[in-house]
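**Q** This is the structure I want to talk about, given as structure tokens.
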Amino acid sequence: MGISEEAISRRGFVGTGLAGAVAWMAAGRPGWAQQASENGLDALLQRPVLRRGVTREQTWRFALERVPLMPKVDSVEQWEDHAERIRREMFERVIFVGEAQKWRESPRRVVWSDTIQEDGYRIRKVRYEVLPDYWMPALLYEPDNLQGRVPAIFCVHGHVGTGGGKARPVVQFRCINFVKRGMLAFTADWPDIGQLQANYRHYRVQQLDLCGTSGLAPFYLTLERALEIILEHPNTDPERVCINGQSGGGWQSIYLGALDKRVTLVNPVAGHASLRTRQLRDSEQAPNDMATVADYTHFTAMVAPRAQLLTFNANDNCCYQTHEALPPLMEAGRPVYDLYGAGHRLRAHNNMVVDPEPRGHNFGRENREVLYRMIGELFMDNAPHFPRQDLDGVEDEFKSYEELFVELPEDNLNFNTMARRVMQGLPRDAEVPKDPQQRLAWQEAKRPLLRRIVRFHDYDVQEETVDEQEAGQLRAVYRRLRMGRDWDVPAVELIPPGAKDTVVLLADGGRIEAAGQIASLLQAQRRVVAVDPFYFGESALGASDYLLSLNVSCSGERPLGIQASQVAGACRWLRGRDKQAPTVVGVGERTSTIALVAAALETQAIAGLELHRPLESLKQIIERDTVLMRSPELFCFGLLEWFDIPQLTALAEPRPVTRHG
Numbered sequence: 012m013g014i015s016e017e018a019i020s021r022r023g024f025v026g027t028g029l030a031g032a033v034a035w036m037a038a039g040r041p042g043w044a045q046q047a048s049e050n051g052l053d054a055l056l057q058r059p060v061l062r063r064g065v066t067r068e069q070t071w072r073f074a075l076e077r078v079p080l081m082p083k084v085d086s087v088e089q090w091e092d093h094a095e096r097i098r099r100e101m102f103e104r105v106i107f108v109g110e111a112q113k114w115r116e117s118p119r120r121v122v123w124s125d126t127i128q129e130d131g132y133r134i135r136k137v138r139y140e141v142l143p144d145y146w147m148p149a150l151l152y153e154p155d156n157l158q159g160r161v162p163a164i165f166c167v168h169g170h171v172g173t174g175g176g177k178a179r180p181v182v183q184f185r186c187i188n189f190v191k192r193g194m195l196a197f198t199a200d201w202p203d204i205g206q207l208q209a210n211y212r213h214y215r216v217q218q219l220d221l222c223g224t225s226g227l228a229p230f231y232l233t234l235e236r237a238l239e240i241i242l243e244h245p246n247t248d249p250e251r252v253c254i255n256g257q258s259g260g261g262w263q264s265i266y267l268g269a270l271d272k273r274v275t276l277v278n279p280v281a282g283h284a285s286l287r288t289r290q291l292r293d294s295e296q297a298p299n300d301m302a303t304v305a306d307y308t309h310f311t312a313m314v315a316p317r318a319q320l321l322t323f324n325a326n327d328n329c330c331y332q333t334h335e336a337l338p339p340l341m342e343a344g345r346p347v348y349d350l351y352g353a354g355h356r357l358r359a360h361n362n363m364v365v366d367p368e369p370r371g372h373n374f375g376r377e378n379r380e381v382l383y384r385m386i387g388e389l390f391m392d393n394a395p396h397f398p399r400q401d402l403d404g405v406e407d408e409f410k411s412y413e414e415l416f417v418e419l420p421e422d423n424l425n426f427n428t429m430a431r432r433v434m435q436g437l438p439r440d441a442e443v444p445k446d447p448q449q450r451l452a453w454q455e456a457k458r459p460l461l462r463r464i465v466r467f468h469d470y471d472v473q474e475e476t477v478d479e480q481e482a483g484q485l486r487a488v489y490r491r492l493r494m495g496r497d498w499d500v501p502a503v504e505l506i507p508p509g510a511k512d513t514v515v516l517l518a519d520g521g522r523i524e525a526a527g528q529i530a531s532l533l534q535a536q537r538r539v540v541a542v543d544p545f546y547f548g549e550s551a552l553g554a555s556d557y558l559l560s561l562n563v564s565c566s567g568e569r570p571l572g573i574q575a576s577q578v579a580g581a582c583r584w585l586r587g588r589d590k591q592a593p594t595v596v597g598v599g600e601r602t603s604t605i606a607l608v609a610a611a612l613e614t615q616a617i618a619g620l621e622l623h624r625p626l627e628s629l630k631q632i633i634e635r636d637t638v639l640m641r642s643p644e645l646f647c648f649g650l651l652e653w654f655d656i657p658q659l660t661a662l663a664e665p666r667p668v669t670r671h672g
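Using my numbering, the letters of the sequence shown map in sequence onto residues 12 to 672.
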């Protein structure tokens with residue numbers, strides 16, 4: 012009795028997998044294939060090879076091992092040399108990469124507009140150009156009758172709660188409290204917050220990364236240019252400049268505070284932790300290659316000897332609970348502050364109060380009042396008239412989103428339109444020579460560049476047979492391929508009678524959903540080794556998988572490089588065993604691209620490529636406005652800057668590259 016379409020669907024065949032499997036079962040085929048279908052090809056494909064969760068564990072370890080430790084230093088001079096090197100490398104290798112250096116050098120435009128007058132202070136609306144044609148709306152809270160120099164507070168905010176960015180009650184509460192204390196308070200919107208909603212989600216910045224321009228740069232420039240506006244105010248005391256914020260605002264606070272010494276008091280609230288204690292980050296919090304330079308422990312120490320208040324919530328219901336986040340930061344920062352004799356300037360607060368909104372993850376009253384006390388002590392010489400508590404009646408002065416709205420140009424850039432602009436003219440040096448000798452020289456020159464971009468590994472492969480099963484005359488061998496010391500990769504080898512050659516198959520949906528293609532290959536008497544490389548099928552990472560992919564890139568590696576290295580390693584293993592190179596079959600845009608990169612760099616162990624529904628160009632990723640979660644490996648930093656699909660194909664030649672669909 013054959014397997015019904017309903018049963019196949021229930022067992023995991025969907026889309027092309029189901030259609031292909033059903034078509035195979037309905038077609039005329041040799042007796043062994045009839046027996047295989049009746050005994051369950053889907054069951055053969057679904058049998059697991061790896062222990063559940065092992066790839067997630069290996070990903071954690073792979074990234075963790077690359078996170079730098081704090082150096083041992085014995086003097087202020089030693090530490091300052093180290094800290095200045097980090098700042099320089101962060102700017103040169105992480106933040107201002109590609110077009111971002113030109114953005115930083117571009118003229119800064121600031122446009123002041125309406126003013127809202129309140130009792131004792133005014134709110135001035137302003138927009139400033141972060142990079143050419145990308146404007147950020149902001150507000151300056153300014154006391155009336157200002158005389159002389161006063162402290163300035165940069166109130167930043169993150170992605171928590173609901174509301175309108177700079178118009179959110181928790182943000183207005185802080186700004187009004189500070190301005191009523193005679194201080195300047197500046198706040199700006201942030202991507203995906205307030206006025207910048209559509210197409211500003213931070214998981215779109217990887218489109219810039221693909222083009223070889225740092226997606227972190229727009230975030231950092233938003234902070235740096237706001238700080239310059241604050242410092243240019245005639246009443247700002249440059250010795251008393253504070254940045255404070257919660258969640259993503261906490262990240263903004265530590266990033267700017269560590270990298271820009273013009274900030275003199277830093278108060279990050281529940282917004283960062285060592286990469287060794289918490290691996291899940293937003294795009295800007297885990298940028299490409301940051302961990303090759305520094306961890307957040309280093310950033311904490313780099314604020315020394317300037318004042319710093321690390322604030323966390325014991326009952327945080329989002330992230331960065333005190334017991335996990337705070338100890339490594341204090342352990343890193345305390346010795347450096349002590350070298351300066353400034354131990355009293357590094358402080359921490361563990362908030363036990365759960366505020367109504369947002370619960371647990373908050374910059375509530377207790378957290379605010381600890382900051383007031385520190386400002387009063389360090390900025391106001393403990394002046395008795397400086398309030399240490401929240402002021403009464405502040406809520407009565409809140410303004411609506413509409414009242415605080417700042418006009419922006421209609422054609423204001425977003426992350427997608429930034430990437431579209433940057434991708435014009437890419438890839439660089441795109442012409443592939445037609446002359447055979449010149450093409451060979453071009454290939455030899457380009458392969459080292461591609462290796463560096465994808466961070467390719469020549470893995471030594473050790474094979475372990477886990478199980479063998481049969482369905483009629485179809486034999487299935489289950490193998491775990493150990494790639495160096497880093498990865499276990501599952502491979503299911505399906506061997507029909509009279510097999511003529513071998514193909515390595517990888518599919519966007521994993522091997523189970525590629526049943527249709529596998530069935531067709533088997534019917535053509537081709538041995539199939541179905542491999543699920545990193546992130547696919549049995550090697551999927553589970554919950555928040557895309558955030559783990561961010562950590563891989565942050566550690567200096569690339570998901571695409573891992574995947575291509577695994578595929579190439581599997582092919583080398585087969586070539587060594589069979590004395591014949593296999594053909595690689597990619598099913599889908601993602602795995603077809605992986606197959607192309609593997610073949611471009613592994614010239615001996617891959618006989619050719621058969622690509623089903625591949626990308627025509629990497630620019631399609633940007634043209635479709637694709638976000639990180641859908642295909643993390645396709646956002647490999649700098650790939651499109653130097654290579655598109657035609658160039659990758661040319662690197663795989665003269666081996667045949669066949670495209671289907």
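Glycine is no exception: its CB is placed at the ideal position from the N, C-alpha and C atoms.
Everything numeric in this text was worked out from a predicted model, so none of it was measured.
(1) With a CB to CB cut of under 7 Å and the five nearest residues on each side skipped, what residues in its chain are close to V141?
(2) Taking all protein chains shown into account, decide if W123 is buried (16 or more other Cβ within 10 angstroms of its Cβ) or exposed.
(3) Can the beta-carbon of S2 be found less than 8 Å from the beta-carbon of H671?
(4) Could you give the residue range of the alpha helix (DSSP H) that holds G597?
(5) Can you name the residues that DSSP bridges to L319?
(6) Which of helix, strand or coil does DSSP assign to N427?
(7) Around the Cβ of K590, are there at least 16 other Cβ atoms within 10 angstroms (buried) or fewer (exposed)?
(8) Using a Cβ distance threshold of 8 Å, determine whether the segment 243-258 contacts the segment 455-462, with at least three qualifying pairs required.
(9) Please report the straight-line C-alpha distance between T625 and L75, rounded to a whole angstrom.
(10) Could you tell me the alpha carbon to alpha carbon distance between R135 and P162, rounded to whole angstroms?
(11) Helix or strand or just coil, what does DSSP make of D589?
(12) By DSSP's criteria, H671 is part of a beta bridge. Which residues make up the other side?
(13) For M81, count neighbouring C-beta atoms within 10 Å of its own C-beta (all shown protein chains included) and say buried if the count is 16 or more, exposed if not.
(14) Under the rule that 16 or more other beta-carbon atoms within 10 Å means buried, what is E644, buried or exposed?
(15) For P420, which of R98, F73, V137, E100 has the nearest alpha-carbon?
(16) On the premise that E479 lies in contact with V488, defined as a C-beta separation below 8 Å, what is that separation, rounded to the nearest angstrom?
(17) What are the boundary residues of the beta strand (DSSP E) that includes E474?
(18) Helix or strand or just coil, what does DSSP make of W201?
(19) From the DSSP output, in three-state form, read off A38 for me.
(20) Give the straight-line distance between the Cα atoms of G51 and A530, rounded to the nearest whole angstrom.
(21) Does the distance from the CB of G371 to the CB of D327 come in under 8 Å?
(22) Secondary structure at E455, three-state DSSP: helix, strand or coil?
(23) Let's test the definition: count the other Cβ atoms within 10 Å of the Cβ of M434 and tell me whether it reaches 16, buried, or not, exposed.
(24) Residue range of the alpha helix (DSSP H) that N562 falls in?
(25) Decide if the segment 506-518 is in contact with the segment 533-551; the criterion is three or more beta carbon pairs, one per stretch, under 8 Å apart.
(26) Here's a check: name, in chain order, each residue in its chain whose Cβ is nearer than 8 Å to the Cβ of I656, leaving out the five neighbours to either side.
(27) In whole angstroms, what is the alpha-carbon distance linking R287 and V78?
(28) When the Cα atoms are used, what is the spatial distance from A343 to A312?
(29) Do G553 and R522 have their beta-carbon atoms positioned less than 8 Å apart in this structure?
(30) For V542, I'd like the list of residues in its chain whose CB is within less than 6 Å of its CB, leaving aside the five on either flank, ordered along the chain.
(31) So, helix, strand or coil for T513, using DSSP?
(32) If you run the structure through DSSP and keep just helix, strand and coil, what is A325?
(33) Quick one: which unbroken beta strand (DSSP E) runs of 3-plus residues sit fully inside the segment 66-102? Chain order, please.
**A** Straight from the coordinates:
(1) M147, P229, L232, T233, R236
(2) exposed
(3) The question about residue 2 has no answer here: the residues shown for the chain are numbered 12 through 672.
(4) Premise fails: G597 lies in the beta strand (DSSP E), 594-598, not in any alpha helix (DSSP H).
(5) For clarity, residue 319 is Gln in the given sequence; the question names Leu instead. Answer by DSSP bridge pairing, in chain order: V277, L357.
(6) helix
(7) It counts as exposed.
(8) no
(9) Just to set this straight, residue 625 is Pro in the shown sequence, not Thr. Straight-line measurement puts the Cα of L75 at about 33 Å from the Cα of P625.
(10) Distance from the CA atom of R135 to the CA atom of P162, rounded to whole angstroms, is 17 Å.
(11) Reduced to three states, the DSSP call for D589 is helix.
(12) H623
(13) buried
(14) buried
(15) V137
(16) 5 Å
(17) 472-482
(18) coil
(19) Its pLDDT being 46, under 50, A38 is placed unreliably in this model, and the value from its coordinates should be taken loosely. Here A38 sits in coil by DSSP.
(20) 11 Å
(21) Yes; because the gap between Cβ atoms is below 8 Å, this pair is in contact.
(22) helix
(23) buried
(24) 556-565
(25) Enough Cβ pairs lie closer than 8 Å, so yes.
(26) Cβ neighbours of I656 beyond the five flanking positions: T604, L607, P625, L626, E627, S628, L629.
(27) 7 Å
(28) 6 Å
(29) No, Cβ-Cβ distance for R522 and G553 is not below 8 Å.
(30) A502, V515, L517, A581
(31) strand
(32) coil
(33) none
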